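Novice:
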Amino acid sequence: MNKLKKINYTVTAVLVIILFIVLRLMLNYGLINRYQSSVLNFLCINIILATSLNITVGCLGQINLGHAGFMSIGAYAAALFTKSGILPGLPGYFVGLIIGGILAGIIGFLIGIPALRLKGDYLAIITLAFGEIIRVLIEFFKFTGGAQGLKSIPWMQDFNIIYFLMVISVVFMYSLMTSRHGRAVLAIREDEIASEASGINTTYYKTFAFIISAVFAGIAGGMFAHNIGIIVPKQFDYNYSI
Numbered sequence: 647m648n649k650l651k652k653i654n655y656t657v658t659a660v661l662v663i664i665l666f667i668v669l670r671l672m673l674n675y676g677l678i679n680r681y682q683s684s685v686l687n688f689l690c691i692n693i694i695l696a697t698s699l700n701i702t703v704g705c706l707g708q709i710n711l712g713h714a715g716f717m718s719i720g721a722y723a724a725a726l727f728t729k730s731g732i733l734p735g736l737p738g739y740f741v742g743l744i745i746g747g748i749l750a751g752i753i754g755f756l757i758g759i760p761a762l763r764l765k766g767d768y769l770a771i772i773t774l775a776f777g778e779i780i781r782v783l784i785e786f787f788k789f790t791g792g793a794q795g796l797k798s799i800p801w802m803q804d805f806n807i808i809y810f811l812m813v814i815s816v817v818f819m820y821s822l823m824t825s826r827h828g829r830a831v832l833a834i835r836e837d838e839i840a841s842e843a844s845g846i847n848t849t850y851y852k853t854f855a856f857i858i859s860a861v862f863a864g865i866a867g868g869m870f871a872h873n874i875g876i877i878v879p880k881q882f883d884y885n886y887s888i
C-alpha cells in the first residue's frame with residue numbers, strides 16, 4: 647500500500663509539473679492571451695478557496711455559508727498592508743498574504759468556538775450571518791473604502807507565483823488532512839459521538855479544521871485582491887460561498 651501511495655504521489659507531482667511547463671510555454675509563445683491568463687490566475691485562486699472550504703464541508707461535514715467572509719478579511723488585510731508601502735514589492739505581497747491568513751484564522755477561531763457547538767441548519771444560519779456581518783462592517787468603515795471599495799491595490803498577476811502558491815497550499819492542506827489531526831477530523835464527520843467516546847477532543851479538532859479553512863480562505867482573498875487591483879464588499883457576499 648505504501649509503495650502504491652508513493653507511485654500515486656510521484657505521478658501526481660509529475661503531472662503538476664508538466665501542466666505548469668505546458669501552460670508556461672503557452673504563455674511565452676502567446677497562445678494564451680491576457681484575458682485567458684487572468685482566468686488561469688483566478689482558477690488557481692479558486693482552487694485554494696475550494697480546497698479550504700472542503701476542509702469544513704467535506705472533511706468535517708459541517709455546513710459553512712460564510713466562507714467568503716474569511717476571504718474578504720484576508721483580501722482587505724493584505725491589500726491594506728501592501729497599500730501602506732511599509733514593505734514594497736514581492737516581500738510585501740507575501741507578508742500581506744500571511745497577515746491576511748492569520749487575521750482570518752483568528753476570526754475563524756473566535757467564530758468557530760461558539761458556532762461549532764451547533765449543527766446542520768443552525769450552523770449554516772450562523773455562518774451565513776457571519777459572512778453578511780463582515781460585508782456590512784467593511785461597507786461601514788472608511789479605511790476599507792466603504793461601499794465604493796478599495797482601489798489602487800498593487801498588482802500581482804505573475805502566473806508562476808500564483809501557480810506555486812496554489813500547489814503549496816493544496817499540498818499542505820492535503821497533507822494536513824491525511825495526518826493524525828486530519829484522521830480525527832474525518833472520524834468526527836463519520837460519528838461525532840463515537841469519536842468523543844474513543845477519546846477524541848471533538849471541540850478542539852472541529853475548531854482546528856475551522857481555523858485552517860479560514861486561514862487559507864484569507865490567503866486566497868489576498869491573492870484575489872492583488873490579482874484584480876480593486877475590491878468591493880459585494881464581491882464577497884454569500885453567493886461566493888455557495
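Here the sequence shown is numbered in this note's numbering, starting from 647 and rising by one per residue. Glycine included, each C-beta is placed from N, C-alpha and C at the ideal position. Note that the structure is a prediction, hence the values are computed from the model and not measured.
Which first and last residues belong to the alpha helix (DSSP H) in which residue 674 is found?
Specialist: Counting along the chain, the alpha helix (DSSP H) containing residue 674 begins and ends at 648-674.
Novice: Tell me which residues share the same chain as residue 684 and place their Cβ nearer than 8 angstroms to its Cβ, disregarding the 5 neighbours each side in the sequence.
Specialist: These residues qualify, in order along the chain: 803 and 873.
Novice: Within 10 angstroms of its Cβ, does residue 719 collect 16 or more other Cβ (buried), or is it exposed?
Specialist: Residue 719 should be labelled buried.
Novice: Beta-carbon within less than 7 angstroms of residue 857's beta-carbon, same chain only, minus the 5 sequence neighbours each way: which residues are those?
Specialist: Only 751, 754, 755 and 758 meet the Cβ criterion.
Novice: What residues match up with residue 877 in a beta bridge as DSSP calls it?
Specialist: Paired residues: 796.
Novice: From 839, 794 and 785, pick the residue whose C-alpha is nearest to that of residue 876; which is it?
Specialist: Closest by alpha carbon: 794.
Novice: Are three or more beta carbon pairs between the region 830-849 and the region 669-678 nearer than 8 angstroms?
Specialist: The answer is no - the region 669-678 does not touch the region 830-849, with fewer than three Cβ pairs under 8 angstroms.
Novice: Is the Cβ-Cβ distance between residue 820 and residue 697 less than 9 angstroms?
Specialist: For residue 820 and residue 697, yes; Cβs fall inside 9 angstroms.
Novice: Does DSSP put residue 802 in a helix, a strand or coil?
Specialist: Coil, per DSSP.
Novice: Is there contact between the region 844-854 and the region 730-740, where contact requires at least three CB pairs shorter than 8 angstroms?
Specialist: Short answer: they don't touch.
Novice: Whole-angstrom Cβ separation of residue 799 and residue 790, contact assumed at under 8 angstroms?
Specialist: Contact doesn't hold; Cβ gap of about 12 angstroms is too wide.
Novice: For residue 613 versus residue 701, is the C-beta distance shorter than 9 angstroms?
Specialist: A query on residue 613 cannot be resolved here, the shown segment of the chain reaching from 647 to 888 and no further.
Novice: Classify residue 708 as helix, strand or coil using the three-state DSSP reduction.
Specialist: Here residue 708 sits in coil by DSSP.
Novice: Cβ atoms of residue 748 and residue 861: under 9 angstroms apart, would you say?
Specialist: Closer than 9 angstroms, so yes.
Novice: Considering Cα atoms alone, identify which of 716, 688 and 766 is closest to residue 807.
Specialist: Ranking the options by Cα distance to residue 807, first place goes to 688.
Novice: Leaving out five residues on either side along the sequence, give the residues of the same chain with a beta carbon under 7 angstroms from the beta carbon of residue 703.
Specialist: Around residue 703: 709 and 710.
Novice: Is the distance from the Cβ of residue 774 to the Cβ of residue 681 below 9 angstroms?
Specialist: Against a cut-off of 9 angstroms, the Cβ pair of residue 681 and residue 774 comes out as no contact.
Novice: Please state whether the Cβ-Cβ distance between residue 816 and residue 664 is less than 9 angstroms.
Specialist: No. Outside cutoff.
Novice: Note down, in chain order, each residue of its chain lying with its Cβ closer than 7 angstroms to the Cβ of residue 827, except the 5 sequence neighbours on either side.
Specialist: Within the same chain, residue 827 has close Cβ partners 851 and 854.
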